[in-house]
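> Take this structure, written in structure tokens, and hold onto it; I'll ask about it next.
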Amino acid sequence: MKPLAAPRGKSGGPQAPPPRHVAIIMDGNGRWAKARFLPRIAGHKQGVEAVRRVSRAARKLGIEVLTLYAFSSENWRRPEEEVRDLMGLLRHFLGSELDELVSEGVKLRVIGDWRRLSPDLVAMIDGAIARTVNNPGPTLVIALNYGAQAEILAAARTLAEQARDGTLDPAAIDEARFEATLETADLPPLDLLIRTSGEQRLSNFLLWQAAYAELLFVDTLWPDFDEETLEQAIDQFGRRQRRFGGL
Ligand code: IPE
Ligand code: IPE
Ligand code: MG
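The sequence shown begins at 71 in the working numbering and counts up by one.
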């Protein structure tokens, strides 16, 4: 029997199925505050509200994995006071949001060098992950003190050590093996990577994983991002034609 025709995308190709894994570079908090003559921390506070809203919306839309870039390994270059404020907001978010994540069955994951954050935060994160580890999902991944180049280097180092110890044949290092050594191993492939605030760069986020992700740059500042903006992004994704090098 002839299979049913797949829905056609705008460009005539098959329409992409809904994204399983969406990642967001949450940018523009500072500019949101500046436009209102407010201190940058006010923008970060509204940014946390957007995180709550958008993670709820993602669950409603059936997105399996939502990965949020919360603090990059380069963000330490910011003034000490801002870094302190951001860490304070993270504490607040974990404290206030965890019960809902647990009751909604969300599995929390954290990627990046988060074990180098302050000991109280590390303990909080450890506790939060432990409380959700047996949840069925969806998965909320928070990238904290994350840098993709460091992630790739760590994987390379691990594989080199295995080769040195004779447990790994260098010829066996292929894409799948490398991917399985990254922090995102066992997550579905990244389908859609969104950056807010009009900037068009990846800022050291998910460089390996973005190889075939659809990229979407939106002008909306992160504190203004909501369910509707997310729906629009998913809609745009649906009209993309993913070719993966084929025709
Ligand atoms: C994103 O907003 C939040 C973090 C990087 C933690 P920004 O703080 O980068 O906001 P802009 O880019 O200055 O507007
Ligand atoms: C990227 O935003 C990092 C996060 C969103 C956590 P930045 O605002 O730090 O990126 P650059 O400095 O503009 O590249
Ligand atoms: Mg920024």
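In this text, a Cβ means the ideal position worked out from N, Cα and C, and glycines have one as well.
#1: Quick check: the Cα distance between residue 306 and residue 286, rounded to an integer number of angstroms?
#2: What number of angstroms, rounded off, separates the C-alpha of residue 128 from the C-alpha of residue 192?
#3: Rounding to the nearest angstrom, what Cα-Cα distance links residue 251 and residue 228 in this structure?
#4: From the DSSP output, which residues share a beta bridge with residue 135?
#5: In terms of residue numbering, what span does the alpha helix (DSSP H) encompassing residue 153 cover?
#6: Can you find the residues in the same chain that come closer than 6 Å, C-beta to C-beta, to residue 301, ignoring five residues on each side of it along the sequence?
#7: Going by the C-beta, is residue 97 closer than 7 Å to any heavy atom of ligand 3?
#8: List the residues that DSSP assigns as beta-bridge partners of residue 195.
#9: Taking the alpha-carbon positions, what's the residue 197 to residue 289 distance?
#10: Identify whether residue 274 lies in helix, strand or coil by the three-state DSSP scheme.
#11: Using 10 angstroms around the beta-carbon of residue 77, count the other beta-carbons present and answer buried if the total reaches 16, otherwise exposed.
#12: Is it true that the CB of residue 100 sits closer than 8 Å to the CB of residue 90?
#13: Within the continuous beta strand (DSSP E) that includes residue 144, where are the two ends?
#14: Using DSSP's beta-bridge definition, name the partner residues of residue 286.
#15: Quick one: using the 10 Å Cβ neighbour count with 16 as the cut-off for buried, is residue 215 buried or exposed?
#16: Do residue 217 and residue 177 have their beta-carbon atoms positioned less than 8 Å apart in this structure?
#17: Mind checking which residues open and close the beta strand (DSSP E) that includes residue 243?
#18: Roughly how many whole angstroms lie between the Cα atoms of residue 221 and residue 258?
#19: Could you check which residue in 105, 317, 138 has the C-alpha nearest to that of residue 272?
Let's see:
#1: Straight-line Cα distance between these residues: approximately 8 Å.
#2: Roughly 26 Å separates the two Cα atoms.
#3: If you take the alpha carbons of residue 251 and residue 228, they lie about 8 Å apart.
#4: Residue 135 is bridged to 91, 209.
#5: Unbroken alpha helix (DSSP H) run through residue 153: 150-173.
#6: Listed in chain order, the non-local C-beta contacts of residue 301 below 6 Å within the same chain number zero, local neighbours out to five positions each way being set aside.
#7: Yes, the beta carbon of residue 97 sits closer than 7 Å to at least one heavy atom of ligand 3.
#8: When DSSP reads this structure, residue 195 sits in no beta bridge, so it has no partner.
#9: Taking the straight line joining both Cα atoms gives about 36 Å.
#10: Coil at residue 274, not helix or strand.
#11: In this prediction, residue 77 scores a pLDDT of 48, lower than 50, which makes its location untrustworthy; no coordinate-derived value is stated.
#12: With a cutoff of 8 Å on beta-carbon distance, residue 90 and residue 100 are scored as not near each other.
#13: Premise fails: residue 144 is in no beta strand (DSSP E) and is neither H nor E.
#14: The secondary-structure analysis by DSSP pairs residue 286 across a beta bridge with 264.
#15: Classification of residue 215: buried, given that the 10 Å Cβ count is 16 or more.
#16: Contact: no.
#17: In the DSSP assignment, residue 243 falls outside any beta strand (DSSP E) and carries neither an H nor an E.
#18: Distance between the alpha carbons of residue 221 and residue 258: 17 Å.
#19: Looking at the Cα atoms, 138 is the closest of the given residues.
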